[in-house]
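Asks: To start, I am sharing the structure in question, which I have written as structure tokens.
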Amino acid sequence: DKMNMRKDEL
Amino acid sequence: MNIFRLAGDMTHLASVLVLLLKIHTIKSCAGVSLKTQELYALVFATRYLDIVTDFISVYNTVMKLIFLGSSFSIVWYIRHHRVVRRSYDKDQDTFRHYLLMIPCMLLALFVHEKFTFKEVMWTFSLYLEAVAILPQLVLLQRTRNIDNLTGQYVFLLGAYRGLYIFNWIYRYFTEPHFVHWITWIAGVVQTLLYADFFYYYFESWKNNVRLQLPA
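Residue numbers (our numbering), protein chains in the order written: chain A, 14 to 23; chain B, 410 to 624.
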């Protein structure tokens, strides 16, 4: 699944 | 977490620490744009809305608290500290930063990933961060002698998002995630806005002369 990566960035 | 992301976060952390160090130790905010600091406080306030709802990691939460705490305390120092406030040059720091907030909010209302409050706020914070440095760059052009700490602050602040771009490239090729194109574009625009500063900063470092931006 393609989670949008920005969730774990600052 | 890849090396580019860690380097980016550490560079960002270094930039806020350099600024806090300058303001706290020499009790001066000469050459620092309050407008940019206020915009950054707003960037973090609108970007980290999920700090209470989504726990990613201790590192993530701690860094968010540091960026929120440092940006708001810098604004407080410049506005209310009885010594620091005297060194704030409000006649030079005249960029109308409301003209930056409004288009960013409008753009976020029309161009976003999904139309939810948190998502629109997050997108607004991305657009706003891309242009938040403008009042500071304008002030630097007006300030004839830029002190080293302020120059280092702006350099580190510009470098962090540049490192994030490498992080996005790295993750694009190594992980089944994707970076939304809004993130890419805002990050690239933000870094490009520093391009001429980087040029003059490098020139001053190479020729070992004081940093001066052409008016």
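Idealized CB from N, CA, C, for every residue including glycine. Owing to the predicted nature of the structure, the values given are computational and were not obtained by experimental measurement.
(1) For Tyr-536/B and Pro-544/B, I'd like the C-alpha separation in whole angstroms.
(2) So which residues on chain A does Ile-483/B lean against when the C-beta distance must stay under 8 Å?
(3) Extract the residue ranges of the alpha helix (DSSP H) inside the segment 432-463 of chain B, only unbroken runs of 4 or more that lie entirely within it.
(4) Just curious, the alpha helix (DSSP H) that Met-514/B is in, first and last residue?
(5) Please work out which residues of its chain come closer than 8 Å, Cβ to Cβ, to Ile-487/B, disregarding the five sequence neighbours upstream and downstream, and give them in chain order.
(6) Is Ser-424/B near Tyr-449/B, with beta carbons less than 7 Å apart?
(7) Can you look up Phe-564/B in the DSSP assignment and give me helix, strand or coil?
(8) Please state whether DSSP places Phe-524/B in a helix, a strand or coil.
(9) With H, G and I counted as helix, E and B as strand and the rest as coil, what does DSSP make of Phe-504/B?
(10) Does any residue of chain A bring its CB to less than 7 Å from the CB of Ile-578/B?
(11) When you compare only the Cα positions, how much space is there between Arg-414/B and Met-472/B?
Replies: Once the coordinates are examined:
(1) Residue mapping note: residue 536/B aligns to position 127 of the second sequence, counting from 1. Residue mapping note: residue 544/B aligns to position 135 of the second sequence, counting from 1. If I take the Cα positions, the gap works out to 15 Å.
(2) Counted from its first residue, the second sequence places residue 483/B at position 74. Per Cβ cutoff of 8 Å: no residues; Ile-483/B is ~17 Å from chain A at best.
(3) Annotation: the segment 432-463 of chain B contains the following complete segments of the alpha helix (DSSP H) (minimum length 4 residues), in chain order: 443-456.
(4) Within the second sequence, the letter at position 105 stands for residue 514/B. According to the DSSP assignment, Met-514/B belongs to the alpha helix (DSSP H) that extends over 507-519.
(5) Reading the second sequence from its first residue, position 78 is the one you call residue 487/B. For Ile-487/B, where only same-chain residues beyond five positions count, the Cβ hits under 8 Å are Ile-432, Cys-438, Val-441, Leu-443, Gln-446, Val-493, Arg-494 and Tyr-497.
(6) By 1-based counting over the second sequence, the position of residue 424/B is 15. By 1-based counting over the second sequence, the position of residue 449/B is 40. Not closer than 7 Å, so no.
(7) Residue mapping note: residue 564/B aligns to position 155 of the second sequence, counting from 1. The three-state secondary structure of Phe-564/B, taken from DSSP, is helix.
(8) On the second sequence, position 115 is the one that residue 524/B refers to. Correct three-state label for Phe-524/B: coil.
(9) For the purposes of this step, residue 504/B is taken as residue 95 along the second sequence, with counting starting at 1. Correct three-state label for Phe-504/B: coil.
(10) As a working mapping, residue 578/B is identified with position 169 in the second sequence. With 7 Å as the cut-off, Ile-578/B does not count as an interface residue toward chain A.
(11) Along the second sequence, read from residue 1 onward, the residue named residue 414/B stands at position 5. Along the second sequence, read from residue 1 onward, the residue named residue 472/B stands at position 63. Whole-angstrom Cα-Cα distance: 13 Å.
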